[in-house]
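The numbering used here applies: residue 12 is where the sequence shown begins, and numbers increase by one.
Backbone N, C-alpha and C fix where the C-beta goes; we use that ideal spot for every residue, glycine too.
Note that the structure is predicted; figures quoted are calculated from it, not measured.
Worksheet: the structure to be examined is printed underneath.
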Amino acid sequence: FVVAVLISLTTMTRMVEEERGLIGVYKALGYGRGKILSKYALYALTACLVGGVVGNVLGFVVLPAIIFTIFSTMYALPGFLYGFDALWALGATALFALGIVGATLVTCWRELRESPAELMLPKAPKAGSRIFLEHVGPVWRRLSFLNKVTARNLLRYKRRFLMTTFGIAGCVALLVTGFGIRDTVLSLSPRQYGDEGVMRYDLMAVTTSDDLLSGDEVGDLAQIYVDSVTVTWGDTKESAQLYVVPDGVDLPAYVSLRDVAGNEIDLGSTGVVATKALEQVMGLAEGDEISLQDSTLATGSAQVGAVGVSYLGDAVYMSEGAYEEAFGTSLEPNALLAHLTGSADEQISYAEGLTEDGRLLSVSATQKLVNDFSSAFTLINTVVYVVIVLAAALSFTVVFTLSNTNISERERELATIKVLGFKRGEVHRYINKETLILTAIGVVAGLPMGYALARSLTWILRMPSLYFDVVVDPLTYVISAALAFVFTVLVNLMTNRSLDRIDMVGALKSAE
């Protein structure tokens, strides 16, 4: 939003400045300030209203329909109902109108303070000034003449410098965030399941007999107690899975309990461990007293000894002693955790075969969960691509608008260097070098902004059964930076045609 407003402000401000001569004619003919101001204000307001209508159609109809279609292939959802919120629709349009129309009026009012004779003359180019780099002697002396000119020009047009830098930085931040969402989704399954994940067992079966799992397919077993519970803390309630581990069971071989810092949690000494998703959604913390109600409606309370990381699902882990103290009953294991041999397909096949045994209440193969997760979240890439395309379009618009503004503002200067003998390629490099340097500065500023924005999603996307711990792959930074430069190069190729079409005679002739 901020980048879009800045670009719109630049466009409208430039339009008013380009029509200085026309404004001078209006004043000379006797038009009042109000009449002249109304022309540009109405133009800016009309643009805002037309953009507001198109934006509201996209925002209330097109984008929601696309996202709903994506998620309807992943989840069973009710029919999509189109909605309209007049407050948001008018508010969004009003925000743009306030900024853009206001800037137009301010710029126009500043021009109107001059006399008609002054307005009908070309505006004097911005004066150059000494820059900090000139005081760094060893560096400045080694720069060529054209590089010195480029360095001065970058800070000579301060508004363009800030607009381009901030615009590119914002777009790069959005690209990093979009790719970061994809990186995180792809990493959730490996971090949750497998030898290096939280759930390290291959199969869980709810049963009271360990004789039901036998054969070459089974490596080793561990008996635990599993139940569904309602966790209550304060005014909040959440459903969670309860895992009670008997004394003597080697839990780390089947489930890895670690805190956010990566330190291993000893369930025997801690007693009760709540997962990170429960902590975020309910607001509880280590040391809080929580209430538990199991599937038989029996209730108990326990103190949270630690908060463990689990990315998928809400869970409470309890030691045998903590469970018996909370519910006042002895522990009777009803489930088995097992490591299986064979490939992933063989493990899934073995688990499906066990479902035919009536003595097993439920059988869950970890590999099946991995496959289901991968297929369900593959479509999230489409949402990410929507974000990336919008960011790319914004980046392209930023560079294209400001590059054209730069050329039009410096038409007389560019005509001068062409008259002095600069060849076409040299003129291109003269301007394109500045754009590429501004892009580089924007990229350097945008990468940490993107990381901060992506990391903020961990806090923003607090939802039951999901700890969205954002990770950004190093390749994401490379891709985002490369895309920013690709957009700049494409824009340079387009604006080079404007450089070639500059009328040297027309630009240099005196207005008198």
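With distances taken Cα to Cα, identify the nearest neighbour of residue i among the options.
{"i": "E363", "options": "G353, M26 and V374", "result": "V374"}
{"i": "L289", "options": "I81, T24, D325 and V455", "result": "D325"}
{"i": "D305", "options": "Q291, A317, V327 and V318", "result": "V327"}
{"i": "L279", "options": "N392, P149 and S330", "result": "Checking the displayed sequence, the identity of residue 279 turns out to be Gly instead of Leu. Considering only alpha carbons, the answer is S330."}
{"i": "T446", "options": "F172, V61, S250 and H146", "result": "F172"}
{"i": "T218", "options": "E207, A233 and V68", "result": "A233"}
{"i": "S406", "options": "T450, T427 and K429", "result": "T450"}
{"i": "I448", "options": "A463, S414 and F433", "result": "S414"}
{"i": "V318", "options": "E335, I513, S312 and D299", "result": "D299"}
{"i": "G316", "options": "E275, V65, G282 and T57", "result": "G282"}
{"i": "G436", "options": "L253, K287 and T506", "result": "T506"}
{"i": "D206", "options": "A180, D227 and Y265", "result": "Y265"}
{"i": "I179", "options": "L519, D231, V240 and V13", "result": "V13"}
{"i": "Y204", "options": "T416, V410, F498 and A355", "result": "A355"}
{"i": "R512", "options": "L431, Y488, A426 and D258", "result": "A426"}
{"i": "Y488", "options": "T188, L468 and L109", "result": "T188"}
{"i": "R202", "options": "A518, I490, V482 and V500", "result": "V482"}
{"i": "L74", "options": "R473, L56, L401 and T307", "result": "L401"}
{"i": "R508", "options": "K444, V455, L477 and V438", "result": "V438"}
{"i": "F384", "options": "L199, G70 and I77", "result": "L199"}
{"i": "V497", "options": "A518, N443, R473 and E424", "result": "N443"}
{"i": "G259", "options": "K248, G332 and E228", "result": "G332"}
{"i": "G110", "options": "G273, R423, M23 and V271", "result": "M23"}
Would you list the one or two residues that DSSP bridges to residue i?
{"i": "M215", "result": "L348 and S375"}
{"i": "V430", "result": "The partner list for V430 (beta bridge, DSSP) is empty, contrary to what the question assumes."}
{"i": "I235", "result": "A346"}
{"i": "T195", "result": "According to DSSP, which records beta bridges pairwise, T195 is partnered with nothing at all."}
{"i": "Q252", "result": "S239 and A326"}
{"i": "Y204", "result": "M210"}
{"i": "S302", "result": "T243 and S312"}
{"i": "A317", "result": "V284"}
{"i": "V3", "result": "What is shown of the chain runs 12 to 523, which leaves residue 3 out entirely."}
{"i": "L60", "result": "DSSP output for L60 lists no bridge partner at all."}
{"i": "V229", "result": "L351"}
{"i": "E424", "result": "DSSP lists no partner for E424."}
{"i": "E275", "result": "R269"}
{"i": "M174", "result": "Paired residues: none, contrary to the question."}
{"i": "L477", "result": "L323 and M474"}
Which residues in the same chain as residue i place their Cβ atom closer than 7 Å to its Cβ, once the five residues preceding and following it in sequence are excluded?
{"i": "L494", "result": "L186 and A403"}
{"i": "L116", "result": "L48 and A52"}
{"i": "I142", "result": "A162, R163 and L166"}
{"i": "I391", "result": "V196"}
{"i": "N382", "result": "none"}
{"i": "R466", "result": "V481"}
Please report the distance separating the alpha-carbon of residue i from that of residue j.
{"i": "A492", "j": "M460", "result": "13 Å"}
{"i": "I452", "j": "T176", "result": "6 Å"}
{"i": "L40", "j": "L33", "result": "11 Å"}
{"i": "T21", "j": "I418", "result": "14 Å"}
{"i": "A128", "j": "W120", "result": "16 Å"}
{"i": "D277", "j": "L268", "result": "8 Å"}
{"i": "S321", "j": "M210", "result": "9 Å"}
{"i": "D484", "j": "R193", "result": "10 Å"}
{"i": "G353", "j": "V196", "result": "27 Å"}
{"i": "D480", "j": "G311", "result": "31 Å"}
{"i": "V240", "j": "G66", "result": "45 Å"}
{"i": "V16", "j": "P263", "result": "53 Å"}
{"i": "Y37", "j": "E28", "result": "14 Å"}
{"i": "F107", "j": "S19", "result": "9 Å"}
{"i": "E343", "j": "E367", "result": "24 Å"}
{"i": "C59", "j": "A114", "result": "13 Å"}
{"i": "F190", "j": "F82", "result": "19 Å"}
{"i": "V397", "j": "T57", "result": "28 Å"}
{"i": "D246", "j": "M293", "result": "9 Å"}
Near residue i, what residues of its chain come up, given a Cβ to Cβ distance below 6 Å and the 5 sequence neighbours on each side ignored?
{"i": "Q555", "result": "Residue 555 lies beyond the range of the chain shown here (12 to 523); nothing can be said about it."}
{"i": "F79", "result": "F91"}
{"i": "A216", "result": "L347, L371 and V374"}
{"i": "T104", "result": "G63"}
{"i": "E420", "result": "none"}
{"i": "S302", "result": "T243 and S312"}
{"i": "T393", "result": "I81"}
Counting only beta-carbon separations shorter than 8 Å, does residue i have a partner in chain B?
{"i": "A135", "result": "You won't find chain B in this structure, because it holds only one protein chain."}
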